[in-house]
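Using our numbering, read the sequence shown as starting at 153 and increasing by one per residue. All C-beta atoms, glycine included, are put in the ideal place defined by N, C-alpha and C. What you are looking at is a predicted structure, and each value in this text was computed from that prediction instead of being measured.
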Amino acid sequence: MYGQKPNTNALVLPLFMRSSFRFSPFTLVSTPFFNRLRNFHRNLPLLDWASDFITIHRFNFLISVSNFPPISLPEIGIAMASSESILQVFCGAGPQLFYPNPCFIKSDFTYSRGSITKYKKKSGSNAIRFLKCSSVHVPRPFPATHSIRSTNFQNGRFHHLNCKCQTSESVSGFTAEDGNGTWVVDNSKQLNTIQDSNHLPNHSESKDNDKFNKEKDDSVSDSIEDEAWDLLRESIVHYCGSPIGTIAAKDPTSSNVLNYDQVFIRDFIPSGIAFLLKGEYDIVRSFILHTLQLQSWEKTMDCHSPGQGLMPASFKVRTVPLEGDDTATEEVLDPDFGEAAIGRVAPVDSGLWWIILLRAYGKSSGDSSLQERIDVQTGIKMILKLCLADGFDMFPTLLVADGPCMIDRRMGIHGHPLEIQSLFYSALLCAREMLAPEEGSTDLILALKNRLVALSFHIREYYWIDMKKLNEIYRYKTEEYSYDAVNKFNIYPDQISPWLVEWMPNKGGYLIGNLQPAHMDFRFFSLGNFWSVVSSLVTVEQSHAILDLIEAKWSDLVADMPFKICYPALEGQEWQIITGSDPKNTPWSYHNGGSWPTLLWQLTVACIKMGRPEIAERAVKIAEERLAKDKWPEYYDTKKARFIGKQSRLFQTWTIAGYLVAKLLLADPNKAKILMTDEDSELVNAFSCMITSNPRKKRGPKSSQKTYIV
Ligand code: GLC
Numbered sequence: 153m154y155g156q157k158p159n160t161n162a163l164v165l166p167l168f169m170r171s172s173f174r175f176s177p178f179t180l181v182s183t184p185f186f187n188r189l190r191n192f193h194r195n196l197p198l199l200d201w202a203s204d205f206i207t208i209h210r211f212n213f214l215i216s217v218s219n220f221p222p223i224s225l226p227e228i229g230i231a232m233a234s235s236e237s238i239l240q241v242f243c244g245a246g247p248q249l250f251y252p253n254p255c256f257i258k259s260d261f262t263y264s265r266g267s268i269t270k271y272k273k274k275s276g277s278n279a280i281r282f283l284k285c286s287s288v289h290v291p292r293p294f295p296a297t298h299s300i301r302s303t304n305f306q307n308g309r310f311h312h313l314n315c316k317c318q319t320s321e322s323v324s325g326f327t328a329e330d331g332n333g334t335w336v337v338d339n340s341k342q343l344n345t346i347q348d349s350n351h352l353p354n355h356s357e358s359k360d361n362d363k364f365n366k367e368k369d370d371s372v373s374d375s376i377e378d379e380a381w382d383l384l385r386e387s388i389v390h391y392c393g394s395p396i397g398t399i400a401a402k403d404p405t406s407s408n409v410l411n412y413d414q415v416f417i418r419d420f421i422p423s424g425i426a427f428l429l430k431g432e433y434d435i436v437r438s439f440i441l442h443t444l445q446l447q448s449w450e451k452t453m454d455c456h457s458p459g460q461g462l463m464p465a466s467f468k469v470r471t472v473p474l475e476g477d478d479t480a481t482e483e484v485l486d487p488d489f490g491e492a493a494i495g496r497v498a499p500v501d502s503g504l505w506w507i508i509l510l511r512a513y514g515k516s517s518g519d520s521s522l523q524e525r526i527d528v529q530t531g532i533k534m535i536l537k538l539c540l541a542d543g544f545d546m547f548p549t550l551l552v553a554d555g556p557c558m559i560d561r562r563m564g565i566h567g568h569p570l571e572i573q574s575l576f577y578s579a580l581l582c583a584r585e586m587l588a589p590e591e592g593s594t595d596l597i598l599a600l601k602n603r604l605v606a607l608s609f610h611i612r613e614y615y616w617i618d619m620k621k622l623n624e625i626y627r628y629k630t631e632e633y634s635y636d637a638v639n640k641f642n643i644y645p646d647q648i649s650p651w652l653v654e655w656m657p658n659k660g661g662y663l664i665g666n667l668q669p670a671h672m673d674f675r676f677f678s679l680g681n682f683w684s685v686v687s688s689l690v691t692v693e694q695s696h697a698i699l700d701l702i703e704a705k706w707s708d709l710v711a712d713m714p715f716k717i718c719y720p721a722l723e724g725q726e727w728q729i730i731t732g733s734d735p736k737n738t739p740w741s742y743h744n745g746g747s748w749p750t751l752l753w754q755l756t757v758a759c760i761k762m763g764r765p766e767i768a769e770r771a772v773k774i775a776e777e778r779l780a781k782d783k784w785p786e787y788y789d790t791k792k793a794r795f796i797g798k799q800s801r802l803f804q805t806w807t808i809a810g811y812l813v814a815k816l817l818l819a820d821p822n823k824a825k826i827l828m829t830d831e832d833s834e835l836v837n838a839f840s841c842m843i844t845s846n847p848r849k850k851r852g853p854k855s856s857q858k859t860y861i862v
């Protein structure tokens, strides 16, 4: 489909066995594979349970590949059960059964080890036991960024980056122990100052009063910004004495820290950008290099590893006693690729954000030496290889499981969610800019360029919706079998929900959340739309239309706090089925229609790009009225974002950093360029050639002689 070819390998097995983003050992396929089952459920929305059933267990496949039976629901059940038991035998019975292990065919950089390694720390410390059943990391054939790599092998800790530090007294930075428990900030003092200065006189008509109010506003805003900077600096995590990232949240009121005491890759992006905009480059450089070192670490869940090149969702700096020396400690970096995360979701967005930040670092600091390093170039290529690998898909969009991004719980976004596609596109453009041309990467660069064209065509054509398109869908004919079908994905017009008919403004439009066969997810997902504007995934007209829609739907998308993560919320039976009755994602809460102030910065970049910063200014002003008073919550609940979220963390770092980035960029819009990518002529040319050269791809009325399947 438009340059995107399904894999035609004569060898089918490698296709099934290829590295993926998932921890689950199942093979990830898109919905058509499961169409026969879905036909029983025509009238239901695409159910999440289906995504589990449409997968075929790798082990089962290995066993039955020569005699691939037709799939039926009971058979899948039996196959899954039998392969589960095989898995147990493989993983649980001991080393002799464990080797050789067919599921650990790995690409570059690793070789199969085939043994179980247990590491137990001395009693008295937190015991850590690792079941190593995957492979041993072989260092890349280039100088490591830090002496830590050699230490790894000496200490036999394949799972950690570590560096020996001094005695425990002199260790600086955060540990699990000192992370939240001992954190003391005199917030009451700071907050009181802000609250006092918030008692402003009402706005009056007179100019004097306006001036007075403006000055007051500016000083309130300044003191909020000062507080935000203080908090952001306090959130910095150190590793071996140097800043390396920022903690996700430092909420002294929360008793259950979960993983909020870790450095999340995606959460650090606004922090990193804030530091770049301030000219503080070292922390960003250090973050980029250390996360790069974590990239190739092997992590497993029930003996299965995700693909090489995956970046962790988060990491933690742990202080552990140094082996063989009771008086000393060492710090280790412990990454989480999703194997410990709630729901075991693999963070597909981490690597994409990493590439985007790397480019921003170069643009902002003027230091291109970082992106030119061989290890960094290899890191970029590993991410690209994982994303561009051949799969079963006919679509150029990236196929992922549910919860692969900011929405990291089940929300019915599996398949081809917009957020991932816009970050994917953006990362491809950034990578194209940074990759050094060399013989070895010609194929990769070619694949990247082809994907860019196919991806932008697909999204602009099929994800776009406005009044005109909606009316087209409303009148769609279905069950067309032909190359030039108008309704290519067999969308049943009944899918257009009543809310959308009411909601779509006359002026404006947006990209839908997801597209699958016979399924359009019409929900508005903010981040995906913002980043499509920022990266020029959409046209200039579409970009303006997205901002028009935001203005037209202000009371739904912004209301009392910017910005709704998605609109509308899933309710009733839909909520039950799609979220699995998730009590954290109840309607208008958290990921399900909650409002996330961190989204301010992405909104701001999009508005600046389109020359309409006043939209972002308006949103920042609304946020400013509450953020500091409310202690920088992670998210807000209710339709109009009136309440601090039920389980929302306070002092959430990316709320703080998102606000700061928005303020800094609005003060100096030129600086937003470090994040934007313009549509280039190469792409536009290829794009228009595609539309004009092949009549099959044109949208429009069908000839009456078309073949239909009855
Ligand atoms: C929640 C959010 C995720 C974020 C993490 C840390 O899991 O859904 O996007 O990265 O918290 O803040």
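Query, Result
"Could you tell me the distance, in whole angstroms, from the CA atom of ILE826 to the CA atom of ARG511?", "7 Å"
"What span of residues does the beta strand (DSSP E) with GLU483 cover, start to end?", "477 to 488"
"Assuming PHE674 contacts LEU689 under a Cβ cut-off of 8 Å, what Cβ separation, rounded to an integer in Å, is found between them?", "At roughly 19 Å, the Cβ-Cβ gap does not stay under 8 Å, so PHE674 and LEU689 are not in contact."
"Cutting at 8 Å between CB atoms, please list the residues of its own chain near GLU524, excluding the five before and the five after it.", "ALA588"
"With three or more C-beta pairs closer than 8 Å as the rule, is the stretch 455 to 472 touching the stretch 411 to 420?", "yes"
"Distance check for GLU591 and GLY745, CA to CA, integer angstroms please.", "48 Å"
"Assess, as a yes-or-no matter, whether the stretch 706 to 713 is touched by the stretch 786 to 800 under the definition of 3 or more beta carbon pairs within less than 8 Å.", "yes"
"Using only CA atoms, which one of PRO720, SER741, ALA579 lies nearest to SER502?", "ALA579"
"Just tell me which of VAL484, ALA637, ILE730 has its CA closest to the CA of GLY393.", "VAL484"
"Compute the Euclidean distance between the alpha carbons of PRO714 and ILE702, then round it to the nearest angstrom.", "11 Å"
"Would you say the stretch 661 to 678 touches the stretch 595 to 607, given that touching needs at least three Cβ pairs under 8 Å?", "no"
"Any idea what DSSP makes of ILE565, helix, strand or coil?", "coil"
"Give me whichever residues DSSP pairs with LEU667 in a beta bridge.", "MET672"
"Would you say the beta carbon of ILE796 comes nearer than 8 Å to a heavy atom of the ligand PLP?", "Absence of the ligand PLP from the depicted structure is noted, with the ligand GLC being the only ligands included."
"If you check the beta carbons only, do THR756 and ARG562 fall under 9 Å apart?", "no"
"Short of 8 Å in beta carbon distance, which residues of its chain neighbour THR691, apart from the five on each side in sequence? Order them along the chain.", "ARG612, GLU831"
"Any idea if THR479 is buried or exposed, counting beta-carbon neighbours within 10 angstroms, 16 or more meaning buried?", "exposed"
"TYR412: beta carbon under 8 Å from a heavy atom of the ligand GLC?", "yes"
"Which class does GLN804 belong to by DSSP, given the choice of helix, strand or coil?", "strand"
"At which residues does the alpha helix (DSSP H) containing ASP501 begin and terminate?", "500 to 517"
"Sort out for me which residues DSSP pairs THR471 with in a bridge.", "GLU483"
"Hey, would you say the C-beta of ARG562 is under 8 Å away from at least one heavy atom of the ligand GLC?", "no"
"Around the Cβ of GLY431, are there at least 16 other Cβ atoms within 10 angstroms (buried) or fewer (exposed)?", "exposed"
"Could you pull the DSSP bridge partners for PRO395 from this structure?", "HIS390"
"Starting from ASP618 and walking both ways along the beta strand (DSSP E), at which residues does that stretch end?", "616 to 618"
"Looking only at C-alpha atoms, which of PHE576, GLN529, LEU604 sits nearest to ASN837?", "LEU604"
"According to DSSP, what are the bridge partners of GLY661?", "ASP618"
"For the stretch 735 to 745 against the stretch 768 to 777, do three or more pairs of beta-carbon atoms, one drawn from each stretch, fall closer than 8 Å, so that the two count as touching?", "no"
"Any heavy atom of the ligand GLC within a distance shorter than 8 Å of the CB on TRP506?", "no"
"Which residue marks the beginning of the alpha helix (DSSP H) containing TYR577, and which one marks its end?", "570 to 586"
"Go through its chain and collect everything with a Cβ distance to GLU236's Cβ below 7 Å, but skip five positions before and after it.", "In this predicted model, GLU236 has a pLDDT of only 36, less than 50, meaning its place in the structure is not dependable enough to derive any value."
"Thinking C-beta only, is TYR811 closer than 9 Å to SER741?", "no"
"From what residue to what residue does the alpha helix (DSSP H) around VAL605 run?", "594 to 610"
"Got a sec? Which residues, its chain only, sit under 7 Å from SER593 by beta carbon, not counting five neighbours each side?", "LYS533, LEU587"
"Tell me, which residues are paired with ILE643 by DSSP?", "DSSP, once it has assigned bridges, lists no residue as partnering ILE643."
"Does the beta-carbon of GLN804, which I'm using as the reference point, lie nearer than 8 Å to any heavy atom of the ligand GLC?", "yes"
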